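J.:
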Amino acid sequence: MEKDKTLLVKPIVGAVMTILILSYIVSVVLKANFVQIKTESANIMTVSDSISSKGYFIRDEHLISSKDEGYISYVFDDGDKVSKNEAVANVYSNSESATVKQQMNRLQSQIDKLKVLDKTGSAISTTPDELDKTISGDLSKMNQLVDDRDFKSTGNTLDSLLYSLNERQIVTGKTNGFESKINELEAELEELKKTPAASANGKAVRSPSTGYFVCQADGYEDICKTDEINSIMPGDLSSRLEKKKEVSSDIIGKTIEGVYWYVACEVNAEEALKIKTSENLSIELPLVNNELISVELESINQKSMTTDAVVILRGSFMNKEMAQVRYEDISVVVETYTGIYIPKKAVHECNVDFEIKDESGNKKTVTKTVPGVYIKIGNEILVKQIFPVYMGDDFVICKKAPDDDDAVSNDTGPLKPYDNVVVEGANLYDGKIIDRTNQKT
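Under the numbering used here, think of the first position of the sequence shown as 519, with each following residue one higher.
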């Protein structure tokens, strides 16, 4: 009797195990078919192929010194153009006169800038986003100056910040003009002019050359001249930087002469070749300018094509930040690409049909495997061909439209801007119908 019960239990256990296994398989299949579909819009974006390095800026610089004892009041801001023998500062016997004269110069500068904004406000083409970058850069620089206790340089940065904030008000329509503010500043200036300190005469300090004025020196002015740029080799920059000089107390500023400045940066052999073959070089310095700064290749200094190199780039853009920059992190942009941005995980090898003509001129359809993406239209998944022009670590930039000589599928056509690209989903195929409850955009 016991033997009969054992024989009965075995098939029951086997049937239960079979049901469990089948249930697991069905759940896996169902899960694969009903995984949530996630999409992203295929947006237009511009990206840069760039090389990161340290850049040392080389200029023709002439130090300005004054042996006169007293208090200095500067006439010009950093980056302003000055002429040879023009007074760039005045030395006063007491601090009150120097302070009042400095305040008067700053007020006049603010008045002049606001008047320019009033006249050109409607013609300003700068966008709020671009101004936000400039404002953010000025705030970061102001924080750095305070951390470094370089309070002497905060005035110029503060003026730039105020100008950008005022410009943003014009661009965003927050104000129609600055007439009332100009009147207020002019009244303040007139009051200062009435003070005894305003009538004091200072001794002028004059510029030794025509160029851009900078109110301070950094000690690197003499370690590399523009006529030495072709002799700088890898390793030279670090040794030259160690030769920084202590700035004498009688140095009150400098002028930057000439139209061009140069930047030297060390790169490896592969990077040097990319720079050499680039047709449109630029550099990125966020704290100097919110746009790319155009440069040209001056020279590539290396022992052979397979060794590290020092690349010398030449530029002419100038503002007060550029006049002050010396040894900074730099991105050398060798190429920019504008196209349709999609995450790399959305790219698949897809089979699409092409219509071709054989040797006899007869049309026929062939299937080829090409890079493509799945897009969602309504509740249907379709394949679209892509034409990559640049591949980053986790993204791809594609042509906005195929060129005339590109082979285009005769099915759904190429990817277009703002298509809903599938970035997550399982068991994808052309023509798949999806449950609307399993969609996420």
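A virtual CB, placed ideally from N, CA and C, is assigned to each residue, including glycine.
Quantities reported herein were computed from a predicted structural model and do not represent experimental measurements.
Between which two residues does the beta strand (DSSP E) carrying proline 906 extend?
T.: Its beta strand (DSSP E) spans residues 906-909.
J.: Measuring straight from C-alpha to C-alpha, what distance separates glycine 857 and aspartate 921?
T.: Taking the straight line joining both Cα atoms gives about 13 Å.
J.: Go ahead and pull the three-state DSSP assignment for tyrosine 936.
T.: Of the three classes helix, strand and coil, the one that applies to tyrosine 936 here is coil, per DSSP.
J.: I need the DSSP call for leucine 803, collapsed to helix, strand or coil.
T.: Reduced to three states, the DSSP call for leucine 803 is coil.
J.: Quick one: what's got a C-beta closer than 7 Å to valine 813's C-beta in the same chain, skipping five residues either side?
T.: Once the five neighbours on either side are set aside, the close Cβ partners of valine 813 are Leu799, Ser800, Ile801, Leu831, Arg832, Gly833.
J.: What distance in whole Å lies between the Cβ atoms of phenylalanine 835 and asparagine 869, which are believed to be in contact at a cut-off of 8 Å?
T.: 50 Å between Cβ atoms; not a contact.
J.: Which same chain residues, not among the five before or five after methionine 751, have their C-beta less than 8 Å away from its C-beta?
T.: Counting only Cβ-Cβ distances below 8 Å, and skipping sequence neighbours, we find Asn819, Gln820, Lys821, Val828.
J.: May I ask you to list the residues that DSSP assigns as paired with aspartate 847?
T.: Note: aspartate 847 sits in a beta bridge opposite Lys572.
J.: So what does DSSP say about tyrosine 960, is it helix, strand or coil?
T.: The chain is shown from 519 up to 959; residue 960 falls before or after that span and cannot be answered.
J.: Just to confirm the assignment, what range does the alpha helix (DSSP H) spanning alanine 790 have?
T.: Run containing alanine 790: 787-795, per the alpha helix (DSSP H) assignment.
J.: Where phenylalanine 552 and leucine 946 are concerned, what is the direct C-alpha to C-alpha distance, given to the nearest angstrom?
T.: In this predicted model, phenylalanine 552 has a pLDDT of only 48, less than 50, meaning its place in the structure is not dependable enough to derive any value.
J.: I need the DSSP call for leucine 900, collapsed to helix, strand or coil.
T.: Note: leucine 900 maps to strand in three-state DSSP.
J.: Tell me which residues share the same chain as serine 568 and place their Cβ nearer than 8 Å to its Cβ, disregarding the 5 neighbours each side in the sequence.
T.: Once the five neighbours on either side are set aside, the close Cβ partners of serine 568 are Glu802, Ser849, Val850, Val851, Val852.
J.: Between the C-alpha atoms of glutamine 620 and alanine 919, what's the straight-line distance to the nearest angstrom?
T.: Going by the C-alpha atoms only, they are around 58 Å apart.
J.: Quick check on alanine 787: buried or exposed, where buried means 16 or more other Cβ atoms within 10 Å of its Cβ?
T.: Exposed, by the Cβ-count rule.
J.: For the beta strand (DSSP E) containing glycine 475, list its first residue and its last residue.
T.: There is simply no residue 475 to check, as the chain begins at 519 and stops at 959 in what is shown.
J.: Looking only at its chain, what residues have a beta carbon closer than 8 Å to the beta carbon of proline 935, apart from the 5 residues adjacent to it on each side?
T.: Ala560, Asn561, Ile562, Ile858, Lys918.
J.: For the region 710-720 against the region 617-632, do three or more pairs of beta-carbon atoms, one drawn from each stretch, fall closer than 8 Å, so that the two count as touching?
T.: The region 710-720 is in contact with the region 617-632.
J.: Using a Cβ-Cβ cut-off of 8 Å (strictly less than) and excluding sequence neighbours within five positions of serine 940, which residues of its own chain qualify?
T.: Position check: residue 940 holds valine in this sequence, whereas serine was assumed. Closer than 8 Å at Cβ, skipping near neighbours: Ile555, Lys556, Thr557, Ala864, Val891, Tyr892, Ile893, Lys894, Ile899, Leu946.
J.: Taking the alpha helix (DSSP H) that valine 765 falls in, what are its first and last residues?
T.: Counting along the chain, valine 765 falls outside any alpha helix (DSSP H), and DSSP gives it neither H nor E.
J.: To the nearest angstrom, report how far apart leucine 680 and glutamate 604 are at their CA atoms.
T.: Leucine 680 and glutamate 604: Cα-Cα distance of roughly 27 Å.
J.: Could you give the distance in angstroms between the alpha-carbon of aspartate 650 and the alpha-carbon of threonine 824?
T.: For aspartate 650 and threonine 824, the distance between alpha carbons rounds to 43 Å.
J.: Quick one: give me the first and last residue of the beta strand (DSSP E) that alanine 827 is part of.
T.: Per DSSP, alanine 827 belongs to the beta strand (DSSP E) from 827-833.
J.: Between leucine 632 and isoleucine 688, is the Cβ-Cβ spacing less than 8 Å?
T.: Contact flag unset, no.
J.: Using the DSSP secondary-structure output, state which residues sit across from glutamate 814 in a beta bridge.
T.: Per DSSP, Arg832.
J.: Buried or exposed for serine 698, please, with buried defined as at least 16 other CB atoms from any protein chain shown within 10 angstroms of its CB.
T.: By the neighbour-count rule (16 or more Cβ atoms within 10 Å), serine 698 is not buried but exposed.
J.: Is the beta carbon of serine 613 sitting closer than 8 Å to the one on alanine 718?
T.: No, these two residues do not count as a Cβ contact at 8 Å.
J.: Could you check what DSSP says for serine 627 in three-state terms: helix, strand or coil?
T.: DSSP places serine 627 in helix when its eight states are reduced to three.
J.: I need the straight-line Cα distance from threonine 930 to glutamate 942, nearest angstrom please.
T.: Straight-line Cα distance between these residues: approximately 21 Å.
J.: Where lysine 794 and proline 861 are concerned, what is the direct C-alpha to C-alpha distance, given to the nearest angstrom?
T.: Roughly 30 Å between the two C-alpha positions.
J.: What would DSSP say about methionine 823, mapped onto helix, strand or coil?
T.: DSSP places methionine 823 in coil when its eight states are reduced to three.
J.: Please state whether the Cβ-Cβ distance between valine 609 and aspartate 586 is less than 8 Å.
T.: Closer than 8 Å, so yes.
J.: Within 10 angstroms of its Cβ, does glutamine 662 collect 16 or more other Cβ (buried), or is it exposed?
T.: Classification for glutamine 662: exposed.
J.: From arginine 624 to glycine 771, what distance separates their C-alpha atoms?
T.: Cα to Cα, the separation comes out at about 18 Å.
J.: Which residues in the same chain have their Cβ closer than 7 Å to the Cβ of phenylalanine 905, if we skip the five residues on either side of it in sequence?
T.: The residues are Cys916, Lys917, Pro920, Asp924, Pro932.
J.: Quick one, are the C-beta atoms of aspartate 647 and serine 678 less than 8 Å apart?
T.: It is not a contact, given that the beta carbons lie outside the stated cut-off.
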